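Presented below is the structure to which this report refers.
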Amino acid sequence: MQKQGSIISGSILILVGLFFLAAQFFPNLATLINFDVLWPFLVIGVGAIFLLGGLVNTPPLFIPGSIISGVGLILLYQNLTGNWHHWQLWLLVNVFIGVGILLTSLREGKGLSGGMPAAGILIGIGLVLFFAFTFADLWPVALILIGLFFLVRNLGGRRKQRL
């Protein structure tokens, strides 16, 4: 397993080095990739290396891998759209941590039950906070839907009792 990780890491470094070397000899090659816009891919790439390390050899590397990759995806979204004011996206970091814990548990053979309590809490808190702040103006709709749920459940229960 250790050998596989070294082979993969070495191959990635060689490919990146070849690209930058070729960009020095062929300047037009570097202009094909707009680093002003696509720099978050570097962050995503670092996260992917950690995820690969978790998959190949050391499962706990899934945790920093999911955090770094997730942060890279947030940065990519914000950079491509210019929506830097969407601060609530950063609430998803809890979700990334939970996903990392869950992947670690699965890779270590503990199944869903091994990491599910901690991962479930982190993912749940992250999603609740994200949706609460993203759709804050729609909270009356949530109240209406909850009220409808209670009404339908009660009316449905009474019909069954009459039969």
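With the numbering used here, the residue at position 4 of the sequence shown is 5, and numbering never jumps. Ideal Cβ positions, reconstructed from N, Cα and C, are used throughout, including at glycine. As the structure is a computational prediction, the values presented were derived from the model and not from experiment.
Query, Result
"Burial state of residue 147, where buried means 16 or more other Cβ atoms lie within 10 Å", "exposed"
"Residue from 153, 78, 94 with nearest C-alpha to residue 130", "94"
"Residue 105 burial status per 10 Å Cβ neighbour count (16 or more: buried)", "buried"
"Where residue 140 falls: helix, strand or coil (DSSP)", "helix"
"Between the CA atoms of residue 73 and residue 45 - distance to the nearest angstrom", "5 Å"
"Residue range of the unbroken alpha helix (DSSP H) whose run includes residue 69", "63–82"
"Continuous alpha helix (DSSP H) stretch holding residue 105: start and end", "94–108"
"Cutoff 7 Å; reference residue 134; Cβ partners in own chain excluding five residues on either side", "89, 92"
"Inter-residue spacing [alpha-carbon to alpha-carbon] between residue 115 and residue 139", "36 Å"
"Test item: CB-CB of residue 69 and residue 47 under 8 Å", "yes"
"Exposure label - residue 67; buried when at least 16 CB within 10 Å", "buried"
"Integer Cβ distance of residue 96 from residue 128, believed to fall under 8 Å", "6 Å"
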